[in-house]
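Written out below as structure tokens is the structure these notes cover.
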Amino acid sequence: MKAKYILIPLAFLLGSCTTDFLEVEPTTIIPEENSYKTESDISKALMAAYAPLQALDFCSSDTYRPRGEYHPYQFISDILADDYNAVGGSGPGDCPYLQLMFDYRLTPEQSLIELWRNLYIGIYRSNIVVNRIGDVGGISDSRRDRYVAEARFLRAFYYHVLWKFWGSVPYYSVNPDGKEVSYIVPQVSEDELYNKIAEDLDWCTAPGRLPDAVALTEVGRVNRFGAYMLRADVVMLKQDETRYSSVLEQLQELIGSNIYALTPNFEDIWTEEGEWNCESIWEINYSDNPSNRDWGDIFAPGGTIYPTFVCPDSYKGSRFAREGYGFGPVNAALKAAFDPADKRRDASIMDFNTDALPGEKYNKRQGDTGMFNKKYMGRADGYSNYIGSDSPELNFRYNLRIYRYSEALLRAAELLVRTGGNQAEADNYLKEVRARAGLAAKPATLDNLLDEYRLEFALEGHRFFDLVRFGKAETVLAGKGYAANKRYLPIPQSEIDRSEGTLKQNNY
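Take 1 as the starting number for the sequence shown in our numbering and just add one per residue.
Written out as structure tokens, the structure reads:
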């Protein structure tokens, strides 16, 4: 194929981290005297590679207003689907790029530039670990493998998000330096990018490279089973049948490890005590103390803004947080999709039409249905440890749940069905998930599994990509204006301009 290229601007690829734990000198070319020489240097570099994960709840840009745009990773995944009635907020002028995304009218000028940039920051930092560790002595083989496996996992995750939203993007595994590696970086096809991601995940999920569990002081670092989940996510979205068998074996290994189990009460998953519970395979950590996030530096480590984003506006008399911005009014069709006996319904959706207590009220905003995302609705004490004075709303101590054990069960069931495997085993996996919800068993068919994904992971950012890989997006989302050419978002125009004509735009 003819290669496409893009100039990667290094000015934003390295940024300083504001805690000692993540402290990295913010230079584009690291001087030889400050090169990575010790295991401590590599450890800090790895922690810096994890740091961009925290920005996925926000992703700010100065293209809309000085303090930034909001495009949280989970939220933008769901507004592309059918479980929100509208974007919400104060109206069409409030975060207009989200309004355009909702009905597939996004433009290159309004595309999600800061999400794009943040992901490349993560890639750049991951590459540092992979490529510099060979220069460092005094590291045991097992620790060396773990550092590299975590970095390759993170690189795969960041490219995976780029791939999910944009398809064909610039790819590099060795950081451009303008000398040995040109700043002109090739744009690879969607298929080529998938193969690169799969290669990283095949490598880091090999036996012995990642631990089965991490120490309590290291929660947030990925283990082997977290890597299994990302590999399943990637392979199944691509519908790569050549890897179905190995992915299924890994999921069965995860299930049979007895390390994980379903949390008995679904609602408990979303409490503070429910973080890193028996069901949690991988989460992104947030803390309100210490927390350095404020409107002047929203990329600083600390808490999350997401509960403020999805909480009702001017919320009074509340069991939850003081108020929010009112984004994401839930579509009534989502609530109707639940059986009334399904315990997940009222744990997933806060319905003020039926569940409000006396004195609870809020300002109705665009597309209001009276229903909101309860999983991430701000707890009244959600930032009680915050010691700053200006930005408590940015600093909720809510972890983002990325992979849960229930997803391993449903994905294993799906692969058994798709590969003609043991139907009874698939039925049992689905039965286990439904039993926790208080529902009777159903046979594990593809249609039943798609329905179950919607109910189990409602408002967690799964729905659009599930519809895509099940081949249902064009039918289910036709009323919103979805068509095949809307599968990938337009590449940000600023990146097209910077590439001097070498970066090809999506046919959006």
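All C-beta atoms, glycine included, are put in the ideal place defined by N, C-alpha and C.
Just so we're clear, the structure is a prediction, and the values are computed from it rather than from any experiment.
Exercise for the section: Starting from the C-beta of Gln493, find all residues in its chain whose C-beta is less than 6 Å away, skip the five residues before and the five after it, and write them out in chain order. Expected result: Within the sequence shown, numbered from 1, the residue matching residue 493 stands at position 493. For Gln493, where only same-chain residues beyond five positions count, the Cβ hits under 6 Å are Pro108 and Glu109.
Problem - the stretch 121-133 touching the stretch 490-505, judged by at least three CB pairs closer than 8 Å - result: no
Practice task
Determine the direct distance from the alpha carbon of Asp135 to that of Leu262, and round the result to whole angstroms.
Solution key: Taking the first residue of the sequence shown as position 1, residue 262 is located at position 262. Taking the first residue of the sequence shown as position 1, residue 135 is located at position 135. The alpha-carbon atoms of Leu262 and Asp135 are separated by roughly 43 Å.
Practice task
Report yes if the C-beta distance between Ile496 and Trp166 is below 7 Å; otherwise report no.
Solution key: Locating residue 496 in the sequence shown gives position 496, counting from the first residue. Locating residue 166 in the sequence shown gives position 166, counting from the first residue. No, Cβ-Cβ distance for Ile496 and Trp166 is not below 7 Å.
Practice task
Decide if Gln187 is buried, meaning its Cβ has at least 16 other Cβ atoms within 10 Å, or exposed.
Solution key: Here residue 187 is taken as the residue at index 187 of the sequence shown, counted from 1. It counts as buried.
Practice task
List the residues that DSSP assigns as beta-bridge partners of Met371.
Solution key: Along the sequence shown, one-based indexing puts residue 371 at 371. Paired residue(s): Asp351.
Problem - Pair within 7 Å by beta-carbon distance, Thr419 and Tyr244 - result: The sequence position of residue 419 within the sequence shown is 419, counting from 1. The sequence position of residue 244 within the sequence shown is 244, counting from 1. Cβ atoms of Thr419 and Tyr244: closer than 7 Å.
Exercise for the section: Would you kindly check if the distance between the Cβ of Leu248 and the Cβ of Leu455 is under 7 Å? Expected result: Start at 1 with the first residue of the sequence shown, and residue 455 comes out as number 455. Start at 1 with the first residue of the sequence shown, and residue 248 comes out as number 248. No, they are not a contact pair.
Problem - Bridge partners - Val330, DSSP secondary structure assignment - result: Taking the first residue of the sequence shown as 1, we reach residue 330 at position 330. DSSP, once it has assigned bridges, lists Tyr84 as partnering Val330.
Exercise for the section: Mind checking which residues open and close the alpha helix (DSSP H) that includes Glu249? Expected result: Along the sequence shown, read from residue 1 onward, the residue named residue 249 stands at position 249. Looking at the DSSP string, the run of the alpha helix (DSSP H) that includes Glu249 is Tyr244 to Gly256.
Handout entry: When Ile113, Asp78 and Met101 are compared against Gly59, the one with the closest alpha-carbon
Key = Position 59 of the sequence shown, counted from the first residue, corresponds to residue 59. A small correction: the amino acid at residue 59 is Cys; Gly does not occupy that position in the sequence shown. Checked all of Ile113, Asp78 and Met101; the closest Cα to Cys59 is Ile113.
Handout entry: Buried versus exposed call for Val174 [16 or more other C-beta atoms within 10 Å across all chains shown]
Key = Taking the sequence shown and counting its residues from 1, one reaches residue 174 at position 174. Classification of Val174: exposed, given that the 10 Å Cβ count is below 16.
Problem - Tyr315 - DSSP class collapsed to helix/strand/coil - result: As a working mapping, residue 315 is identified with position 315 in the sequence shown. Strand at Tyr315.
Practice task
Assess, as a yes-or-no matter, whether the stretch 303-323 is touched by the stretch 428-438 under the definition of 3 or more beta carbon pairs within less than 8 Å.
Solution key: no
Exercise for the section: Use the C-beta contact count for Leu56: other C-beta atoms within 10 angstroms, 16 or more gives buried, fewer gives exposed. Expected result: Working through the sequence shown from its first residue, we reach residue 56 at position 56. Answer is buried; the Cβ neighbour count reaches 16.
Exercise for the section: Would you kindly work out how many angstroms separate the C-alpha atoms of Gln239 and Gly296, rounded to a whole number? Expected result: The residue you call residue 239 lines up with position 239 of the sequence shown. The residue you call residue 296 lines up with position 296 of the sequence shown. One C-alpha to the other measures close to 43 Å.
Exercise for the section: With DSSP as the reference, please indicate the residues paired to Val219 in a beta bridge. Expected result: Taking the first residue of the sequence shown as position 1, residue 219 is located at position 219. The partner list for Val219 (beta bridge, DSSP) reads Arg221.
Handout entry: DSSP-derived helix/strand/coil call for Tyr183
Key = As a working mapping, residue 183 is identified with position 183 in the sequence shown. In this structure, Tyr183 counts as coil in the three-state DSSP scheme.
Problem - Leu400 - containing alpha helix (DSSP H), residue span - result: By 1-based counting over the sequence shown, the position of residue 400 is 400. Leu400 -> not in any alpha helix (DSSP H); beta strand (DSSP E) instead, spanning Leu400 to Arg404.
Exercise for the section: Have a look at Met47, Asn289, Val219 and Ala478 and flag the residue whose alpha-carbon is nearest the alpha-carbon of Arg397. Expected result: In the sequence shown, counting from the first residue as 1, residue 397 sits at position 397. The shortest C-alpha separation from Arg397 is found at Asn289.
Practice task
Sort Thr475, Gly461 and Ser406 by Cα distance to Leu80 and report the nearest one.
Solution key: For the purposes of this step, residue 80 is identified with residue 80 of the sequence shown, where counting begins at 1. Nearest C-alpha to Leu80: Gly461.
Exercise for the section: Taking Asn131 as part of the alpha helix (DSSP H), name the residues at either end of that continuous run. Expected result: For the purposes of this step, residue 131 is taken as residue 131 along the sequence shown, with counting starting at 1. Start and end: Ile113 to Arg132.
Problem - Inter-residue Cα distance where the pair is Gly481 and Val214 - result: Mapped onto the sequence shown, residue 481 falls at position 481. Mapped onto the sequence shown, residue 214 falls at position 214. Their backbone Cα atoms lie some 45 Å apart in a straight line.
Exercise for the section: Determine the direct distance from the alpha carbon of Gly326 to that of Asp141, and round the result to whole angstroms. Expected result: Taking the sequence shown and counting its residues from 1, the one referred to as residue 141 is at position 141. Taking the sequence shown and counting its residues from 1, the one referred to as residue 326 is at position 326. Rounded to whole angstroms, Asp141 to Gly326 spans 50 Å at the Cα level.
Practice task
Compute the Euclidean distance between the alpha carbons of Val468 and Leu237, then round it to the nearest angstrom.
Solution key: Numbered from its first residue, the sequence shown carries residue 468 at position 468. Numbered from its first residue, the sequence shown carries residue 237 at position 237. Going by the C-alpha atoms only, they are around 8 Å apart.
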